[in-house]
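Working notes, beginning with the structure itself.
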């Protein structure tokens, strides 16, 4: 397996404290800078200001809905360095939703629950 780039910025947008802590735990030994946000509107400003290389976004977050946040980031010409985006959802898990999610332009989609291995493989496929 190809190694991840070193020292990238990863934004994690998750309003559930347990899930946020789990993702942070999974990523703690990767050597990357982990930035967190619990709201979509705040996360949008973080992307504009800090330019992370990757954003892991929950689909249902306060502020701007996670799916809308993804599309807003991808469509904003003012964001020169667009992050790769993984959208996550525990609600939209049926196969039919995977096609609907594509309309919001994520680079990847994951359903919850997820394993550490699945998350790291998804990240590796986007960042290498």
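In my numbering, the protein residues as written are 3 to 130. A virtual CB, placed ideally from N, CA and C, is assigned to each residue, including glycine.
Under the assumption that residue i contacts residue j (Cβ atoms under 8 Å), give the Cβ distance between them as a whole number of angstroms.
i: residue 58; j: residue 15; result: 7 Å
i: residue 41; j: residue 65; result: 4 Å
i: residue 118; j: residue 28; result: 5 Å
With a CB to CB cut of under 8 Å and the five nearest residues on each side skipped, what residues in its chain are close to residue i?
i: residue 10; result: 34, 35, 54, 55, 56 and 129
i: residue 110; result: 86, 87, 88, 89, 124, 127 and 128
i: residue 21; result: 60 and 114
i: residue 80; result: 50
i: residue 18; result: 60
i: residue 48; result: 13, 37, 39 and 54
Beta-carbon within less than 7 Å of residue i's beta-carbon, same chain only, minus the 5 sequence neighbours each way: which residues are those?
i: residue 3; result: Any reading at residue 3 must be qualified, since the residue scores a pLDDT of 43, below 50, and its modelled position is unreliable; the value itself is stated next. Closer than 7 Å at Cβ, skipping near neighbours: 126.
i: residue 68; result: 15, 42, 59, 60, 61, 62 and 89
i: residue 84; result: 75 and 76
Is residue i buried or exposed, if buried means 16 or more other CB atoms sit within 10 Å of its CB?
i: residue 91; result: buried
i: residue 120; result: exposed
i: residue 43; result: exposed
i: residue 101; result: exposed
Can you tell which of the options has the C-alpha that lies nearest to the C-alpha of residue i?
i: residue 77; options: 22, 113, 46 and 114; result: 46
i: residue 108; options: 72, 13, 25 and 18; result: 72
i: residue 116; options: 89, 69, 81 and 70; result: 89
i: residue 39; options: 12, 82, 70 and 79; result: 12
i: residue 106; options: 80, 122 and 75; result: 75
i: residue 122; options: 37, 79, 25 and 81; result: 25
i: residue 82; options: 103, 52 and 20; result: 52
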